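Colleague: Next up is a structure, given as structure tokens.
Residue numbers (my numbering): 9 to 585.
This is the structure we're talking about:
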């Protein structure tokens, strides 16, 4: 050591405030007590670790301190010069903790994390690393100067990577609901690059018309993807080391529990784009092997204000839908898989009905779009507020129109049916493939055929297909291919030609830009009611619907092909039953 106990120096009682590694150095005669106290006090004043101050002040060499700590406390000694930084266990703990605690995660084996540190007696650093990583920590003694250089490299690399993604500075304004005091104070200056990065991801997603943003952590990588026109596109790869900080920032603005990482959480936030436009984000977190995956669903309230014409219904379909939703009672069902636009269709219908003299109540899980003038209720099954419970309460609230986010069980279905039979208009969704199978699904749930026949007015099944960009060009398709797709000989009269995607700057070379709805709108006629009463199956109902001129999803899609709005392969893909 550069400084050792002086021969003949007084052996005064061990002073308070000197502990851990400093105490061990004094007790073993490697450092005199006054020097240990001086270094400790200087470290506290400078707010740095004891070993860092010890080496900076020249009192001891980093290599000697590391050798002493390893031999005295029985932890392995490791030379960081022999370690390739690319193999660091990135993302196990965030950069703020790495900097403040002077630790660096080396590798993970099973449920144990090897943690490089120059002071293995720093129990607070070990506890923090254990809490943030969720793993058992094994300290590995390293030299302070080499640890400092590697930490600086790791942090600088992370910041530069984010800066290169973000580019120019800009600021977004969260609404008062999300921007409370805890939001403003929970992130310090060190987190500014992460704040700007998340802001950029949000604004980019809105600008390209994305429906979802996916933040996905993996063992050694991290990626951000946007769902645009139904397709996921990778747009950024921030350093995996920042996964905890990214998750924490999103949780803060979504008013979620930052400390809870073991169970999924759901939240929401709002972003003010201008004085007249606010974008809602529905946030879902999910614990995965290497951190929390976060998906932000982008909900633009203006999408419900576009009107039924913007949804893409054909004139006859639009007329049937408007006739059904303007009746004083009965049930209208919207069906389709997740992400097929059911919510927008329902909200568009609600917006048509939303008048001062109409009482509208909705039960949703959760309410996705806020519509002034409509009483919206979030279902909370843990608290006992189920769809069925909400519906029972609605019926005591003098409603005119009731919207149920989804009919999932017999109890909810029965109450909705009874409401539709007793003077209320009921709108809801089911997850079925097409309109005819929706009726058989209700029967399979246990609803009596008579109740179905007397309450359901109309069913619309829908899909979303990508819309051809303006760069489209006519595509030559064999007659056999068109016939196999469902066109008839009469359709191929030469008055139209199919278009194919090309790709340009506007559509980023994909050939598609935006999406359009493909609908099967089936009013429940008297003949269909008779089939239901006789216990007929979906095939019988589908045959009667065809006889009445109802186009199925494939036929509706082929009509969009004839109109040049989308391609044949896109229709085949989204209507492949």
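C-beta: ideal position from N, C-alpha, C; glycine also. Given the structure is predicted, the values throughout are model-derived calculations rather than measurements.
1. According to the neighbour-count rule (16 or more other Cβ atoms, all chains shown, within 10 Å of its Cβ), is residue 95 buried or exposed?
2. On the DSSP bridge assignment, give the partners of residue 294 in chain order.
3. When we look at the beta-carbon of residue 363 and count the other beta-carbons within 10 Å, is it buried (16 or more) or exposed?
4. Within 10 angstroms of its Cβ, does residue 500 collect 16 or more other Cβ (buried), or is it exposed?
5. So, for residue 393: in the same chain, excluding its five sequence neighbours on each side, which residues have a beta-carbon less than 7 Å away from its beta-carbon?
6. Leaving out five residues before and five after residue 184 in sequence, what residues of the same chain have Cβ atoms less than 6 Å from its Cβ?
7. Which same chain residues end up closer than 6 Å to residue 459 when comparing Cβ atoms and leaving out the 5 residues on each side of it in sequence?
8. Can you check which of these residues, 375, 289 and 408, is closest to residue 432 by C-alpha distance?
9. Measuring straight from C-alpha to C-alpha, what distance separates residue 508 and residue 482?
10. Answer with buried or exposed for residue 463, where buried requires no fewer than 16 other C-beta atoms within 10 angstroms of its C-beta.
11. With residue 304 and residue 428 assumed to form a contact (beta carbons below 8 Å), what rounded beta-carbon distance in angstroms separates them?
12. From the DSSP output, in three-state form, read off residue 124 for me.
13. Does the region 315–333 touch the region 437–455, meaning 3 or more C-beta pairs lie closer than 8 Å?
14. Could you give the first and the last residue of the continuous alpha helix (DSSP H) run that contains residue 565?
15. Which residue from 116, 332 and 378 puts its Cα closest to that of residue 352?
16. Just to confirm, is the Cβ distance from residue 376 to residue 290 under 9 Å?
17. Give the DSSP-derived three-state secondary structure of residue 465 in the structure shown.
18. Pick out whichever of 282, 298, 358 and 456 has its Cα sitting closest to the Cα of residue 255.
19. Leaving out five residues on either side along the sequence, give the residues of the same chain with a beta carbon under 8 Å from the beta carbon of residue 54.
20. Is it buried or exposed for residue 273, if we count other Cβ within 10 angstroms and need 16 for buried?
21. Give every residue of the same chain whose Cβ lies closer than 6 Å to the Cβ of residue 192, excluding the five residues on either side of it in the sequence, and list them in chain order.
22. Hey, residue 127 and residue 57: beta-carbon distance below 9 Å or not?
23. Please determine if the region 63–71 and the region 204–214 are in contact, where contact requires at least 3 C-beta pairs separated by less than 8 Å.
24. Would you kindly check if the distance between the Cβ of residue 412 and the Cβ of residue 399 is under 9 Å?
25. Helix, strand or coil for residue 186? Go by DSSP, reduced to three states.
26. How is residue 60 classed by DSSP in three states: helix, strand or coil?
27. With DSSP as the reference, label residue 553 as helix, strand or coil.
28. On the three-state DSSP scale, how would you describe residue 581?
29. Considering only DSSP beta bridges, list what residue 473 is partnered with.
30. Let me know the secondary structure DSSP gives residue 141 once reduced to three states.
31. For the pair the region 487–502 and the region 569–584, tell me if three or more CB-CB distances fall below 8 Å.
32. Can you give the beta carbon distance from residue 461 to residue 526, rounded, assuming they're within the 8 Å contact cut?
33. Three or more C-beta pairs under 8 Å: does that hold for the region 112–123 against the region 142–153?
34. Are there 16 or more other CB atoms within 10 angstroms of the CB of residue 468, so buried, or fewer, so exposed?
35. What does the alpha-carbon distance come out to for the pair residue 337 and residue 205?
36. Looking at the secondary structure, which residues open and close the alpha helix (DSSP H) in which residue 487 lies?
Modeller: The answer reads as follows:
1. exposed
2. 301
3. Within a 10 Å sphere around the beta-carbon of residue 363 sit fewer than 16 other beta-carbons, which makes this residue exposed.
4. exposed
5. 387
6. Confidence is the limiting factor: at residue 184 the pLDDT is only 47, short of 50, which leaves the residue's position unreliable, though a coordinate-based value still follows. Excluding positions up to five away in sequence, the list is empty.
7. 425
8. 408
9. Answer to the nearest angstrom: the Cα atoms are 6 Å apart.
10. Result: buried.
11. The pair is not a contact, with the Cβ atoms about 35 Å apart (cut-off 8 Å).
12. Of the three classes helix, strand and coil, the one that applies to residue 124 here is strand, per DSSP.
13. no
14. 561–570
15. 378
16. yes
17. strand
18. 298
19. Setting aside the 5 residues that flank it on each side, residue 54 is surrounded in the same chain by 61, each with a C-beta closer than 8 Å to its C-beta; the list follows chain order.
20. Taking every protein chain shown into account, the CB of residue 273 has 16 or more other CB atoms within 10 angstroms, so this residue is buried.
21. With a pLDDT of only 37 at residue 192, under 50, the local geometry of the prediction cannot be trusted, and the value read off the model is given with reservation. There are no such residues.
22. yes
23. no
24. yes
25. Low local confidence applies: a pLDDT of 45 at residue 186 is under 50, so the model's placement there is unreliable, with the coordinate-based value given in what follows. In the three-state reduction of the DSSP assignment, residue 186 falls in the coil class, being assigned neither a helical nor a strand state.
26. helix
27. helix
28. helix
29. 524
30. helix
31. yes
32. About 27 Å separates the Cβ atoms of residue 461 and residue 526, ruling out a contact at the 8 Å cut-off.
33. yes
34. buried
35. Spanning the alpha carbons of residue 337 and residue 205 requires a straight line of approximately 50 Å.
36. 487–493
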